[in-house]
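Undergrad:
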Amino acid sequence: MASRKKCLVLGFLAFLWAVWGTEGQEEEEQTCRLLGKFDLNGYVDAQNHSLIIGGLFPIHSRTIPANESIMEPVSAKCEGFNFRGFRWMKTMIHTIKEINERKDILPNTTLGYQIFDTCFSISKATESALVLLTGQEENRPNFRNSTGAYLAGIVGSGGSSLSIAASRILGLFYLPQVGYASTCTVLSDKHQFPSYIRTIASDKFQSEAMVKLIQHFGWVWIGTIAADDDYGKYGVKVFKEKLESVNLCTAFSEILPKVYSREKMQKVVDAVRTSTAKVIVLYTSDIDLSPFVLEMVYHNITDRTWIASEAWITSASIAKPEYFPYFGGSIGFAVPRSDIPGLKEFLYDIHPSRDPNDVLTIEFWQTAFNCTWPNSSVPYNTDHRVNMTGKEDRLHAMSDRFCTGEEKLEDLKNTYLDVSQLRITNNVKQAVYAMAYALDHMNRCKVGRGPFLPGRVCANIANFEPWQLVFYIRRLNFTTHDGRKIHVDRNGDVTGYYDLLNWQLDDNGNIAFVKVGEYIFTESKFEFMISKNSTIFWNTESSKIPHSVCTDLCPPGTRKGIRHGEPICCFECIPCADGHVSRMAGQRECEQCGEDYWSNAEKSECVLKEVEFLAYDEALGFTLVILSIFGALVVLAVMVVYVIYRHTPLVNANGRELSFLIQVSLTITVLSSMLFIGKPYNWSCMARQITLALGFCLCLACILGKTISLFLAYRISKSKTRLISIRPLYRKIIIVISVLVEIGICTAYLVLEPPRVYKNIDSQNIKIIFECNEGSVEFLCSMFGVDVFLALLCFLTTFVARQLPDNYYEGKCITFGMLVFFIVWISFVPAYLSTKGKFKVAVEIFAILASSYGLLGCLFAPKCFIILLRPKRNTDEIVGGRVPAIDKSIQLTSASVSSEFNNTTVSTVVGD
20 MASRKKCLVL
30 GFLAFLWAVW
40 GTEGQEEEEQ
50 TCRLLGKFDL
60 NGYVDAQNHS
70 LIIGGLFPIH
80 SRTIPANESI
90 MEPVSAKCEG
100 FNFRGFRWMK
110 TMIHTIKEIN
120 ERKDILPNTT
130 LGYQIFDTCF
140 SISKATESAL
150 VLLTGQEENR
160 PNFRNSTGAY
170 LAGIVGSGGS
180 SLSIAASRIL
190 GLFYLPQVGY
200 ASTCTVLSDK
210 HQFPSYIRTI
220 ASDKFQSEAM
230 VKLIQHFGWV
240 WIGTIAADDD
250 YGKYGVKVFK
260 EKLESVNLCT
270 AFSEILPKVY
280 SREKMQKVVD
290 AVRTSTAKVI
300 VLYTSDIDLS
310 PFVLEMVYHN
320 ITDRTWIASE
330 AWITSASIAK
340 PEYFPYFGGS
350 IGFAVPRSDI
360 PGLKEFLYDI
370 HPSRDPNDVL
380 TIEFWQTAFN
390 CTWPNSSVPY
400 NTDHRVNMTG
410 KEDRLHAMSD
420 RFCTGEEKLE
430 DLKNTYLDVS
440 QLRITNNVKQ
450 AVYAMAYALD
460 HMNRCKVGRG
470 PFLPGRVCAN
480 IANFEPWQLV
490 FYIRRLNFTT
500 HDGRKIHVDR
510 NGDVTGYYDL
520 LNWQLDDNGN
530 IAFVKVGEYI
540 FTESKFEFMI
550 SKNSTIFWNT
560 ESSKIPHSVC
570 TDLCPPGTRK
580 GIRHGEPICC
590 FECIPCADGH
600 VSRMAGQREC
610 EQCGEDYWSN
620 AEKSECVLKE
630 VEFLAYDEAL
640 GFTLVILSIF
650 GALVVLAVMV
660 VYVIYRHTPL
670 VNANGRELSF
680 LIQVSLTITV
690 LSSMLFIGKP
700 YNWSCMARQI
710 TLALGFCLCL
720 ACILGKTISL
730 FLAYRISKSK
740 TRLISIRPLY
750 RKIIIVISVL
760 VEIGICTAYL
770 VLEPPRVYKN
780 IDSQNIKIIF
790 ECNEGSVEFL
800 CSMFGVDVFL
810 ALLCFLTTFV
820 ARQLPDNYYE
830 GKCITFGMLV
840 FFIVWISFVP
850 AYLSTKGKFK
860 VAVEIFAILA
870 SSYGLLGCLF
880 APKCFIILLR
890 PKRNTDEIVG
900 GRVPAIDKSI
910 QLTSASVSSE
920 FNNTTVSTVV
930 GD
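Here my numbering is used: the first residue of the sequence shown is 20, the next is one more, and so on.
1. When you compare each of S176, P92, S94 and K122 to I971 by their alpha carbons, which one comes out closest?
2. For M407, which three-state DSSP category applies?
3. Please go through the region 131-155 and give each complete alpha helix (DSSP H) segment of 4 or more residues, from N-terminal end onward.
4. Is the CB-CB distance between V938 and L646 below 8 Å?
5. Looking only at its chain, what residues have a beta carbon closer than 6 Å to the beta carbon of I709, apart from the 5 residues adjacent to it on each side?
6. Applying the criterion that 16 or more other CB atoms from any shown protein chain within 10 Å of the CB defines a buried residue, is L495 buried or exposed?
7. Which complete alpha helix (DSSP H) runs does the region 246-316 hold, if anything under 4 residues is left out?
8. What three-state label does DSSP hand E537 in the structure shown?
9. Work out the CA separation of D377 and G61 for me, nearest whole Å.
10. Which residue's Cα is closest to the Cα of Q133: E120, V150 and S140?
11. When you compare the region 751-771 with the region 797-813, are there three or more beta-carbon pairs, one atom per stretch, that lie closer than 8 Å?
12. Can you list, in chain order, the residues of its chain whose CB lies under 7 Å from that of A712, leaving out five sequence neighbours each side?
13. If you measure between the beta carbons of I480 and A457, is that distance less than 8 Å?
14. Is it buried or exposed for F102, if we count other Cβ within 10 angstroms and need 16 for buried?
15. Assign I530 to one of three DSSP states: helix, strand, or coil.
16. Would you say A184 and C569 are within 8 Å of each other, going by their C-beta atoms?
17. Is C877 helix, strand or coil by DSSP?
18. Could you give the distance in angstroms between the alpha-carbon of M8 and the alpha-carbon of Y700?
19. Buried or exposed for M461, please, with buried defined as at least 16 other CB atoms from any protein chain shown within 10 angstroms of its CB.
20. Any idea if L771 is buried or exposed, counting beta-carbon neighbours within 10 angstroms, 16 or more meaning buried?
21. Compute the beta-carbon to beta-carbon distance between S567 and K297, rounded to the nearest angstrom, for a pair I have assumed lies under 8 Å.
22. Suppose the cutoff is 6 Å on Cβ atoms and the five residues either side in sequence are ignored; what does the same chain contact list for A850 look like?
23. With DSSP as the reference, label I788 as helix, strand or coil.
24. On the three-state DSSP scale, how would you describe N558?
25. For Q225, which of helix, strand or coil comes out of DSSP?
26. Please state whether the Cβ-Cβ distance between V447 and T110 is less than 8 Å.
27. How long is the line joining the alpha carbons of S214 and I244, rounded to whole angstroms?
28. Can you give the Cα-Cα distance for L70 and V300, rounded to whole angstroms?
29. Give the straight-line distance between the Cα atoms of N67 and V205, rounded to the nearest whole angstrom.
30. In the DSSP output, what is Y777 paired with across the bridge?
31. Would you check if the distance between the CB atom of F556 and the CB atom of F100 is smaller than 8 Å?
32. What separation, rounded to the nearest whole angstrom, lies between the Cα atoms of D518 and P355?
33. Mapping DSSP to helix, strand and coil, what is C589?
34. Starting from the N-terminal side, write out each stretch of the beta strand (DSSP E) that is 3 residues or longer and does not extend beyond the region 671-695.
35. Give me the residue from S180, V257, A620 and K579 with the minimum Cα distance to C609.
36. Whole-angstrom Cβ separation of K231 and F547, contact assumed at under 8 Å?
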């Protein structure tokens with residue numbers, strides 16, 4: 020297995036060499052000759068130590084671009100001193116010294132170190148990994164693996180891309196590598212990186228935390244900008260997946276170039292400036308972010324809220340007061356802060372005079388104090404980058420002022436000496452301790468109780484295989500100096516929490532990283548919290564929470580409509596249909612209201628439908644009630660007149676009892692209209708139609724009794740013959756039979772299919788019309804069919820008898836009354852069918868009242884006129900037909916027929 024891996028390494032390194040260059044056409048060199056050296060800087064303390072730990076740190080921020088005129092492969096030089104990376108490196112040295120002084124960890128074993136500067140570049144990280152593997156700084160390696168028990172493992176390499184590059188080589192040998200700043204999710208893949216673990220959380224948790232933050236503040240339209248490396252691209256990829264899983268949208272996604280390109284940078288700037296997204300996620304390191312910050316300042320782009328990744332949220336190189344108008348209010352997650360005892364004093368214990376060959380310390384001093392160290396060839400703050408104007412920016416190689424050595428570190432304010440925000444720095448300490456604890460566990464293994472098969476053997480700390488140490492590292496569980504629990508899972512990841520930081524200005528005008536919340540992520544708990552007492556600064560015109568949406572939430576009463584070809588956060592707001600509502604803003608669908616409910620005008624709530632029926636307290640209902648009562652009072656008045664004058668000839672003419680029955684029936688029909696007014700109930704639905712039908716039946720049957728008498732009188736007057744007299748009993752029999760038939764039909768109607776209250780929700784959507792379901796149409800037609808039949812008989816008999824002599828005009832009155840009756844009810848049919856709701860009931864009431872008033876007026880108005888206003892005509896002589904010749908203008912009633920026939924023994928009208 021080991022030989023196979025060695026072959027893979029040989030092949031990989033051969034590939035690297037083929038990329039770096041080819042050999043000349045001269046005679047092949049001997050492989051043992053060194054063709055060159057890797058240009059690496061760092062610190063080594065390997066003598067008199069049992070084991071050494073390698074370290075990879077970005078002490079410089081970039082490499083100097085290669086001279087294209089040189090064809091030979093050359094190891095690049097570095098520039099851009101990185102105080103932050105230098106502090107990380109010093110922290111590793113301090114931690115190793117601390118461990119060596121402890122007696123409870125690795126007794127009788129001391130640790131050394133071999134640290135290299137990766138210059139924040141993949142090429143230097145790869146060179147450093149090769150040197151640590153081979154033990155030589157040659158740029159054409161002889162593949163001599165000198166690790167064994169000597170090189171225990173490596174801490175590093177800083178950025179995710181650097182760790183990935185180094186781990187692909189180190190993982191072939193299962194050489195342990197503990198990361199302190201690399202958060203890329205791909206490093207959790209143990210198939211690709213079997214020996215990599217880290218003391219910083221994976222971007223998987225950071226992306227989840229960012230999405231929780233975005234959801235908390237209601238942002239839905241987010242821009243993303245990533246560095247052009249594994250950290251940025253994988254970070255944004257995972258973030259976008261988490262974002263889309265909760266139906267949030269990405270407005271734009273741009274890449275920051277690693278090597279400055281005016282065209283590429285302008286594309287990013289334009290995306291930020293033109294997008295409606297006011298909240299932008301920046302997944303990049305502080306080193307890669309610096310050119311973009313200058314672009315924002317150059318183009319004066321403000322009013323943006325930046326969500327920072329952990330790589331730059333606490334970076335002093337970005338958090339400068341002059342950048343606050345553009346990046347103030349930035350909010351993001353940072354690894355937990357800690358205090359490291361003794362580190363501050365160790366950082367101050369540095370001076371270039373102690374070791375003239377310590378080029379990194381000399382460069383630190385020159386850069387920190389802006390001077391040149393005497394008799395030193397260390398370059399001063401050279402910058403070969405291309406600035407925003409497109410010209411190469413070269414600072415002077417030497418400063419005009421020499422360093423004296425008397426400069427005081429206490430006067431400095433830079434990242435190296437700032438121990439107020441020890442976050443990644445603390446991770447470096449824990450990475451070293453992770454390696455030490457793993458070695459200590461391996462050293463304490465008892466013979467016969469080891470974890471390795473066969474034989475449950477232990478690994479020998481003086482001579483162990485790298486994979487054996489990986490076994491212990493991947494099962495680490497220890498407590499840090501500040502009480503934090505470190506537990507490494509099977510993917511080499513750790514859990515814990517993030518601090519949520521907000522950029523604010525302090526009283527001195529400096530940027531302060533104010534903790535405003537946290538995100539806890541453990542195996543059993545995931546919780547996002549905003550501190551109740553914290554105040555978040557928002558860099559907006561209103562100083563309020565920024566509004567970042569593609570389309571504002573659809574208000575209640577509307578629903579989201581899809582815009583084809585656009586993200587789901589961009590939509591149209593479509594009003595809900597009638598009868599449907601959306602109670603909350605942003606609903607995708609409108610909900611249908613229940614049967615008894617309807618949508619309000621705003622379509623935001625279901626309200627009870629308006630209940631409609633002809634009520635007593637509304638104008639129309641009140642008017643009809645007044646007409647009904649007035650009609651009943653008129654009928655009663657007529658009845659009183661008839662009672663008072665019941666012995667007069669005119670009242671007795673053609674059947675006094677029939678007249679009283681007609682008056683009673685008209686009272687019933689007029690008052691029955693009041694049963695149609697008010698909220699319907701089952702009893703009122705049954706009572707109103709039955710009462711109306713019986714009332715009209717009694718009225719028409721009595722009229723039929725009168726009309727038959729007139730019809731027979733007419734026949735007698737034409738034939739001059741004797742006819743069998745119609746006795747009062749026969750007329751009563753006609754009335755009784757008619758009423759009994761009607762009662763029988765009504766009884767069957769009520770028993771078999773009675774009317775019921777019906778809630779009509781179909782006629783009008785916004786109303787519930789309370790009406791009566793008449794039940795059986797057949798019974799209803801039969802019931803009123805009897806009335807129609809009686810009315811037809813009345814009309815036909817009176818129509819024939821209308822030609823009686825002028826002194827006999829009751830037949831004409833009945834004829835006109837029946838004509839009014841038919842006209843009213845014939846016109847009622849189309850009017851009834853063309854109306855809805857309460858107006859339908861009102862039409863029926865109008866028909867009842869009109870027909871009742873018509874019959875009342877035609878039958879009784881002429882007689883009451885004579886009784887009350889012309890009493891001289893209400894005499895036996897006039898009513899009986901004996902009128903003096905000189906008084907021809909007096910018209911007689913049908914009583915004259917009775918008088919004439921009494922002289923001939925033919926009587927059609929017989930008094931009771």
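Idealized CB from N, CA, C, for every residue including glycine.
TA: Let's see:
1. Outside the modelled stretch of the chain, which goes from 20 to 931, sits residue 971, for which no answer is possible.
2. Since pLDDT at M407 reaches only 45, below the 50 mark, its modelled position is unreliable, and no value is offered.
3. 141-153
4. Past the boundaries of the shown model lies residue 938; the chain is included only from 20 to 931, so the question cannot be answered.
5. C765
6. Around the beta-carbon of L495, 16 or more other beta-carbon atoms lie within 10 Å, marking it buried.
7. 249-264 and 281-293
8. strand
9. Looking at the two C-alpha atoms, the distance is approximately 9 Å.
10. V150
11. yes
12. E761, C765, M802, F803 and D806
13. no
14. buried
15. I530 falls in the strand class under three-state DSSP.
16. no
17. helix
18. Any question about residue 8 goes unanswered here, given that the chain covers just 20 to 931.
19. buried
20. exposed
21. The Cβ separation is near 4 Å, so the contact holds.
22. V862
23. strand
24. coil
25. helix
26. yes
27. Straight-line Cα distance between these residues: approximately 31 Å.
28. 43 Å
29. Rounded to the nearest angstrom, the two C-alpha atoms are 38 Å apart.
30. E790
31. no
32. 6 Å
33. Of the three classes helix, strand and coil, the one that applies to C589 here is coil, per DSSP.
34. none
35. Nearest option by C-alpha distance: K579.
36. 4 Å
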